[in-house]
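Chains as they are written, first to last, in numbering that gives the first Met the number 0: chain L, 0 to 494; chain H, 0 to 98; chain V, 0 to 122. Just so it is clear, CB atoms sit at the ideal spot from N, CA and C, and this is done for glycine as well. Remember, predicted model here, so these are calculated numbers, not experimental data.
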Amino acid sequence: MIQGIDYAAIAPPLILAVAAIGLLLADAFDAPRRLLGLLSAGSLAAALIAVAALAPGDRRATFCLPDGLRSGGPRSCSYVADDFTLLFQGIVLAAAVVVVLLSLQEITDSDIPAGEYHFLILAAVIGALTLVAARDLVLLVVALETLSLPVFALVGLRRYDGTASEAALKLFLVSVVSAAVMLFGISLVYGATGAMHLDRVAPALERLPADLDPVAAAGIVLVLAGFAFKVAAVPFHFWAPDVYQGAPLPVAAFLSVVSKAAGFAGLAIVLALGFPAYAHIWGPVVGVLAAVTMTLGNLLALRQNTAIRLLAWSSVAQSGYMLAPLAVGDRRLPEAVAATTAYVALYAVMNLGAFAVVIGFNRRHGSVRTAYDTLDDYRGLARSSPAVAAALAFFLICLAGLPPGVMGLFAKIVVFRATVAGGVTWLAVVMAINTVIGLYYYLVWAARLFTAGSGARYDAAPGLPVRAAVAAAATAAVVLSIAPQIVLQTVTNAT
Amino acid sequence: MSPGHYLALSAILFTIGALGVLVRRNAIVVFMCIELMLNATNLAFVSFSRMHGNLDGQIIAFFVMVVAAAEVVVGLAIIMTIFRTRRSSSVDDVNLLKY
Amino acid sequence: MRTYFESYAVLGALLLVGGGIVAGGLAANRLLRPNRPTAEKLTTYECGVDPVGENWAHSYVRYYVFSYLYVVFAVDAVFLFPWATVFSAPGYGMTTLGEMFVFLGFLAAGLLYAGKKGVLSWV
Chain L
0 MIQGIDYAAI
10 APPLILAVAA
20 IGLLLADAFD
30 APRRLLGLLS
40 AGSLAAALIA
50 VAALAPGDRR
60 ATFCLPDGLR
70 SGGPRSCSYV
80 ADDFTLLFQG
90 IVLAAAVVVV
100 LLSLQEITDS
110 DIPAGEYHFL
120 ILAAVIGALT
130 LVAARDLVLL
140 VVALETLSLP
150 VFALVGLRRY
160 DGTASEAALK
170 LFLVSVVSAA
180 VMLFGISLVY
190 GATGAMHLDR
200 VAPALERLPA
210 DLDPVAAAGI
220 VLVLAGFAFK
230 VAAVPFHFWA
240 PDVYQGAPLP
250 VAAFLSVVSK
260 AAGFAGLAIV
270 LALGFPAYAH
280 IWGPVVGVLA
290 AVTMTLGNLL
300 ALRQNTAIRL
310 LAWSSVAQSG
320 YMLAPLAVGD
330 RRLPEAVAAT
340 TAYVALYAVM
350 NLGAFAVVIG
360 FNRRHGSVRT
370 AYDTLDDYRG
380 LARSSPAVAA
390 ALAFFLICLA
400 GLPPGVMGLF
410 AKIVVFRATV
420 AGGVTWLAVV
430 MAINTVIGLY
440 YYLVWAARLF
450 TAGSGARYDA
460 APGLPVRAAV
470 AAAATAAVVL
480 SIAPQIVLQT
490 VTNAT
Chain H
0 MSPGHYLALS
10 AILFTIGALG
20 VLVRRNAIVV
30 FMCIELMLNA
40 TNLAFVSFSR
50 MHGNLDGQII
60 AFFVMVVAAA
70 EVVVGLAIIM
80 TIFRTRRSSS
90 VDDVNLLKY
Chain V
0 MRTYFESYAV
10 LGALLLVGGG
20 IVAGGLAANR
30 LLRPNRPTAE
40 KLTTYECGVD
50 PVGENWAHSY
60 VRYYVFSYLY
70 VVFAVDAVFL
80 FPWATVFSAP
90 GYGMTTLGEM
100 FVFLGFLAAG
110 LLYAGKKGVL
120 SWV
């Protein structure tokens with residue numbers, strides 16, 4: 000009766016779990032900070048290698064229902080490492096490596112406890128890796144919480160800093176309430192279907208008696224609410240700017256890339272595998288959420304004058320674009336999921352790049368952290384350090400979706416095409432208008448880099464790890480701009 | 000007692016919790032309301048589990064309990080750090096971050 | 000079902016009677032007593048000593064991290080219960096026992112960390 004466990008399938012999270020425990024104990028026994036950073040980045044890289052090794056192999060599934068309990072139903076595995084999972088695990092791990100690189104300097108500067116920081120990052124990444132592999136609602140909830148809980152602590156880790164603990168409290172309250180709402184939704188879905196595994200929920204929803212129909216519909220909308228928080232979609236978006244500003248900047252980058260990518264993967268899994276029978280309910284809901292999210296995000300980004308809040312609102316708006324393809328419902332759903340995945344992958348590269356430059360730039364203030372970088376501080380960056388300015392300008396142009404930032408343009412076109420193909424033309428029109436609004440604030444920021452300096456100098460020494468991160472992101476952005484079809488091919492094969 | 004009564008109770012508890020989160024201002028009381036919401040979902044899970052005669056609902060109830068405990072601890076720790084700098088636990092006093 | 004709820008009727012009646020006695024007593028008191036408040040009388044009664052300070056008192060909670068740890072570890076013990084129901088069933092045995100020790104090992108690592116960080120010593 001004992002179940003066999005496919006250790007190869009769960010290798011990526013397992014490596015990180017062992018490394019995280021080791022790191023915690025190493026910190027307790029006073030290992031030097033440099034070693035801890037190395038261990039953290041090294042284990043992430045090892046997990047990335049494990050994902051790469053799994054990629055060419057077959058679909059692996061583990062923690063399945065034993066034959067005796069299956070009662071003629073499908074195989075019902077909780078953890079599935081298929082191409083979709085591995086693709087998202089790759090995105091999450093690559094982004095996490097960059098975040099760790101960005102953190103090394105920040106840990107020293109802000110006097111953050113290093114061991115705890117790395118441990119919490121690894122724990123959150125484990126949550127993200129499990130979330131994208133989860134195929135039943137129990138594991139999904141547990142993974143979502145494993146992703147969320149360490150992040151609360153990470154946000155508030157800077158000691159004796161009022162803004163950091165405030166940001167942590169805001170994130171915490173919104174997150175926990177949305178988790179409770181989502182759990183209630185799951186309980187309704189479970190009540191209607193009697194199953195937790197998505198491959199059992201989906202057929203049960205298809206032949207649901209009419210009197211249970213409203214129960215299941217309410218449950219599905221409540222589950223959507225939980226994911227809307229994770230990806231910062233509109234009714235649950237207001238934490239984003241405050242938390243990004245109050246948290247240590249690398250943690251903000253983590254929230255806006257890793258946590259968001261995992262949230263989108265979870266959303267796609269639940270909607271496409273679990274609830275396709277109710278696409279007529281969640282399709283329009285997602286469509287409205289997407290439209291409101293991108294519009295509100297863009298309009299509020301227009302009036303921001305600090306770099307970090309602008310990035311926060313722009314990442315809210317970008318969430319809207321990523322949600323848009325899922326509004327098609329069950330018409331051409333695989334295509335829509337592929338479009339969302341492609342957008343998430345491309346967004347991860349360009350947004351991490353922008354964050355990396357802002358983190359390096361923020362170092363200028365040294366230990367005095369009362370003021371945040373206003374956009375005016377970026378004037379004249381092109382003259383004092385042309386390479387960094389060029390990289391930032393390129394990331395911003397990509398985010399705006401203008402040539403030569405072909406990858407951004409390409410991502411927008413993929414999403415646009417999937418939305419139109421699914422017959423949600425009104426949403427495509429809203430997207431087009433929003434893209435134009437978005438152009439304005441990205442370009443205004445990019446243009447400032449090339450105007451005359453404001454006197455504040457950028458001493459171009461953000462430290463080697465941050466420079467490496469900027470360089471890696473810039474290289475990836477350039478490569479993907481030259482050959483964007485790499486992403487689309489990978490994604491289409493995977494989904 | 001049919002499971003229907005338990006479900007009604009769970010819905011009522013969840014509503015009280017949600018109202019409390021929206022209305023109350025003391026962070027500790029907001030926490031208690033969140034706990035109420037989580038426990039209401041637990042009650043729903045367990046009664047559905049009995050209705051369907053399978054154990055999935057009871058398993059998730061265990062996980063929800065553990066998650067709730069971990070959340071409370073992290074949340075209280077965050078309130079401690081805020082209290083250290085502000086000497087107040089009212090949500091309305093949390094106002095440093097605005098645009 | 001009917002009789003089930005009817006059995007609560009006695010409880011409800013008892014609650015009403017109890018509440019009535021307390022409310023009646025307070026109301027009678029209110030009607031019979033003279034009421035002449037002065038500023039002196041309205042201050043909070045504190046054993047005849049004038050009250051000092053605000054209503055928020057700052058007390059130093061020693062050992063609170065320990066209680067946090069207790070909450071987490073105590074609740075983690077719920078996983079022992081489903082394990083205990085199948086542990087002795089045929090087909091489980093040593094492997095199942097070993098798995099539980101892996102779980103406990105993770106918890107112990109947390110305690111070890113807390114102990115090294117000085118959380119478990121009285122301050």
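Problem - Chain-ordered chain V contacts of Val72/H [CB-CB under 7 angstroms] - result: Locating residue 72/H in the second sequence gives position 73, counting from the first residue. Tyr67, Val70 and Val71, listed in chain order.
Handout entry: Cβ-based neighbour list, Thr339/L, same chain, cut-off 7 angstroms, excluding 5 preceding and 5 following
Key = Along the first sequence, read from residue 1 onward, the residue named residue 339/L stands at position 340. Correct list, in chain order: Phe263, Ala267, Met321, Pro324 and Leu325.
Practice task
Would you mind sorting Arg32/V into buried or exposed? The rule is 16 or more other CB atoms within 10 Å of its CB.
Solution key: Here residue 32/V is taken as the residue at index 33 of the third sequence, counted from 1. With fewer than 16 Cβ atoms within 10 Å of its Cβ, Arg32/V is classed as exposed.
Practice task
Specify, as a first and last residue, the run of the beta strand (DSSP E) that Ile59/L falls within.
Solution key: Taking the first residue of the first sequence as 1, we reach residue 59/L at position 60. For the record, residue 59/L in the displayed sequence is Arg; it is not Ile. Going by DSSP, Arg59/L is part of the beta strand (DSSP E) stretching over Arg59 to Cys63.
Problem - Three CB pairs or more closer than 8 angstroms across the stretch 175 to 192 of chain L and the stretch 98 to 112 of chain L - result: Because the criterion of three Cβ pairs below 8 angstroms is not met, the stretch 175 to 192 of chain L and the stretch 98 to 112 of chain L do not touch.
Practice task
Measure from the C-beta of Phe61/H to each C-beta in chain V and report whether the shortest distance is under 7 angstroms.
Solution key: The sequence position of residue 61/H within the second sequence is 62, counting from 1. For Phe61/H, the nearest CB of chain V lies under 7 angstroms from its own CB, placing it at the interface with that chain.
Exercise for the section: Could you confirm whether any beta carbon from chain L is found closer than 7 angstroms to the beta carbon of Ala68/H? Expected result: Position 69 of the second sequence, counting from 1, holds the residue named residue 68/H. Closer than 7 angstroms: no.
Handout entry: Sequence-distant residues of its chain with Cβ nearer than 6 angstroms to Ala10/L (five each side left out)
Key = Counting from one through the first sequence, the residue named residue 10/L turns up at place 11. For Ala10/L, where only same-chain residues beyond five positions count, the Cβ hits under 6 angstroms are Ala49.
Problem - From Gln88/L, Trp425/L, Leu34/L and Ala445/L, residue whose alpha carbon lies closest to that of Ser258/L - result: The residue given as residue 258/L occupies position 259 in the first sequence. Ranked by how close their Cα comes to the Cα of Ser258/L, the residues Gln88/L, Trp425/L, Leu34/L and Ala445/L have Gln88/L in first place.
Handout entry: Identified DSSP bridge partners for Cys32/H
Key = Translated into the one-based positions of the second sequence, residue 32/H becomes position 33. Per DSSP, Cys32/H has no beta-bridge partner at all.
Practice task
Indicate whether the contact test is met: 3 or more Cβ pairs, each with one atom in the stretch 104 to 113 of chain L and one in the stretch 47 to 66 of chain L, closer than 8 angstroms.
Solution key: The stretch 104 to 113 of chain L is not in contact with the stretch 47 to 66 of chain L.
Practice task
State the beta-bridge partners of Asp135/L as determined by DSSP.
Solution key: Start at 1 with the first residue of the first sequence, and residue 135/L comes out as number 136. Paired residues: His196/L.
Practice task
Could you tell me whether the Cβ of Met36/H comes closer than 7 angstroms to any Cβ of chain L?
Solution key: As a first step, residue 36/H must be located in the second sequence, where it is residue number 37. Output row for Met36/H: interface = yes.
Problem - Leu374/L vs Asn304/L beta-carbon contact at 7 angstroms - result: Looking up residue 374/L in the first sequence gives position 375. Looking up residue 304/L in the first sequence gives position 305. Against a cut-off of 7 angstroms, the Cβ pair of Asn304/L and Leu374/L comes out as a contact.
Handout entry: Same chain, Cβ closer than 8 angstroms to Gly359/L, neighbours up to 5 away in sequence not counted
Key = As a first step, residue 359/L must be located in the first sequence, where it is residue number 360. Contacts found: Val387, Pro461, Gly462, Val465, Arg466 and Val469.
Practice task
In the DSSP assignment, find the alpha helix (DSSP H) that holds Cys46/V and state where it starts and stops.
Solution key: Translated into positions along the third sequence, residue 46/V becomes position 47. Counting along the chain, Cys46/V falls outside any alpha helix (DSSP H), and DSSP gives it neither H nor E.
Problem - Chain-order list of residues whose beta-carbon lies under 7 angstroms from that of Glu165/L (same chain, five-residue window excluded) - result: On the first sequence, residue 165/L is found 166 positions in, with the first residue counted as 1. Leaving aside the five residues that flank Glu165/L on each side, the residues in its chain whose CB is nearer than 7 angstroms to its CB run, in chain order, Gly245.
Problem - Tyr62/V, enclosing alpha helix (DSSP H) - first and last residue - result: Locating residue 62/V in the third sequence gives position 63, where the first residue counts as 1. That residue, Tyr62/V, is in no alpha helix (DSSP H); it is neither H nor E in DSSP.
Practice task
At 8 angstroms on the CB atoms, spell out the chain L contacts of Leu111/V, in chain order.
Solution key: On the third sequence, residue 111/V is found 112 positions in, with the first residue counted as 1. Those within 8 angstroms of Leu111/V in chain L are Leu24 and Ala27.
Handout entry: Interface partners of Tyr189/L on chain H, CB under 9 angstroms
Key = Taking the first residue of the first sequence as position 1, residue 189/L is located at position 190. One finds Ala43, Phe44, Phe47, Ser48, His51, Asp55, Gly56 and Ile59 in chain H with Cβ atoms closer than 9 angstroms to the Cβ of Tyr189/L, taken in chain order.
Problem - Cβ of Thr14/H within 7 angstroms of any chain L Cβ - result: Residue 14/H sits at position 15 when you count from the first residue of the second sequence. Thr14/H does not count as touching chain L.
Problem - Asp241/L, buried or exposed, once every other Cβ within 10 Å from all chains shown has been counted against 16 - result: Here residue 241/L refers to the residue found at position 242 when the first sequence is read from its first residue. The residue in question, Asp241/L, is buried, as its Cβ has 16 or more Cβ neighbours within 10 Å.
Practice task
Please say whether Met349/L and Leu301/L have beta carbons closer to each other than 7 angstroms?
Solution key: For this step, residue 301/L is matched to residue 302 along the first sequence. For this step, residue 349/L is matched to residue 350 along the first sequence. No, these two residues do not count as a Cβ contact at 7 angstroms.
Practice task
Can you grab the Cα-Cα spacing for the pair Leu310/L / Asn492/L, in whole Å?
Solution key: Taking the first sequence and counting its residues from 1, the one referred to as residue 310/L is at position 311. Taking the first sequence and counting its residues from 1, the one referred to as residue 492/L is at position 493. Roughly 32 angstroms between the two C-alpha positions.
Handout entry: Neighbouring residues, chain V, relative to Leu6/H (Cβ below 8 angstroms)
Key = If you number the second sequence from 1, residue 6/H lands on position 7. Within 8 angstroms Cβ-Cβ: nothing; Leu6/H doesn't reach chain V, min ~15 angstroms.
Problem - Other residues of its chain near Val97/L: CB distance less than 6 angstroms, five sequence neighbours each side excluded - result: As a first step, residue 97/L is located in the first sequence; it is residue number 98 there, counting from the start. Excluding sequence neighbours, Val97/L sits near Leu351 and Ala468.
Handout entry: Minimum Cβ-Cβ distance from Thr37/V to chain L less than 7 angstroms
Key = Translated into the one-based positions of the third sequence, residue 37/V becomes position 38. The Cβ of Thr37/V sits no closer than 7 angstroms to any Cβ of chain L.
Practice task
Answer yes or no: do Ala410/L and Leu332/L have a C-beta to C-beta separation smaller than 7 angstroms?
Solution key: The count along the first sequence starts at 1 and reaches residue 410/L at position 411. The count along the first sequence starts at 1 and reaches residue 332/L at position 333. Using a Cβ distance threshold of 7 angstroms, Ala410/L and Leu332/L do not count as a contacting pair.
Exercise for the section: Report the rounded CA-to-CA distance for Phe394/L versus Ala451/L, giving the unit in angstroms. Expected result: Within the first sequence, numbered from 1, the residue matching residue 394/L stands at position 395. Within the first sequence, numbered from 1, the residue matching residue 451/L stands at position 452. Near 21 angstroms, if we compare the C-alpha coordinates of Ala451/L and Phe394/L.
Practice task
Can you tell me the Cβ-Cβ gap for Ile77/H and Ala167/L, rounded? I've got them flagged as a contact below 8 angstroms.
Solution key: Mapped onto the second sequence, residue 77/H falls at position 78. Mapped onto the first sequence, residue 167/L falls at position 168. Yes, they are in contact, since the Cβ atoms of Ile77/H and Ala167/L sit about 5 angstroms apart, within 8 angstroms.
Problem - Proximity of Ala427/L and Val419/L at Cβ, strictly below 7 angstroms - result: Translated into the one-based positions of the first sequence, residue 427/L becomes position 428. Translated into the one-based positions of the first sequence, residue 419/L becomes position 420. Going by beta carbons, Ala427/L and Val419/L fall inside the 7 angstroms limit.
Problem - DSSP three-state assignment for Gly53/H, whether helix, strand or coil - result: What you label residue 53/H is simply residue 54 of the second sequence in a count that begins at 1. Correcting the residue identity first, residue 53/H is Asn in this sequence and not Gly. It is coil, neither helix nor strand.
Handout entry: Between the CA atoms of Ala473/L and Ala390/L - distance to the nearest angstrom
Key = Along the first sequence, read from residue 1 onward, the residue named residue 390/L stands at position 391. Along the first sequence, read from residue 1 onward, the residue named residue 473/L stands at position 474. Distance between the alpha carbons of Ala390/L and Ala473/L is about 6 angstroms.
Exercise for the section: Could you tell me if Cys63/L is buried or exposed, where buried requires 16 or more neighbouring beta carbons within 10 angstroms of its beta carbon? Expected result: Taking the first sequence and counting its residues from 1, one reaches residue 63/L at position 64. Burial check for Cys63/L: the Cβ neighbour count within 10 Å reaches 16 or more, so the residue is buried.
Handout entry: Backbone secondary structure at Thr450/L - three-state DSSP
Key = On the first sequence, position 451 is the one that residue 450/L refers to. Three-state DSSP puts Thr450/L in coil, outside helix and strand.
Handout entry: Integer Cβ distance of Val77/V from Phe61/H, believed to fall under 8 angstroms
Key = Your numbering for residue 77/V matches position 78 in the third sequence. Your numbering for residue 61/H matches position 62 in the second sequence. About 5 angstroms; that satisfies the 8 angstroms criterion.
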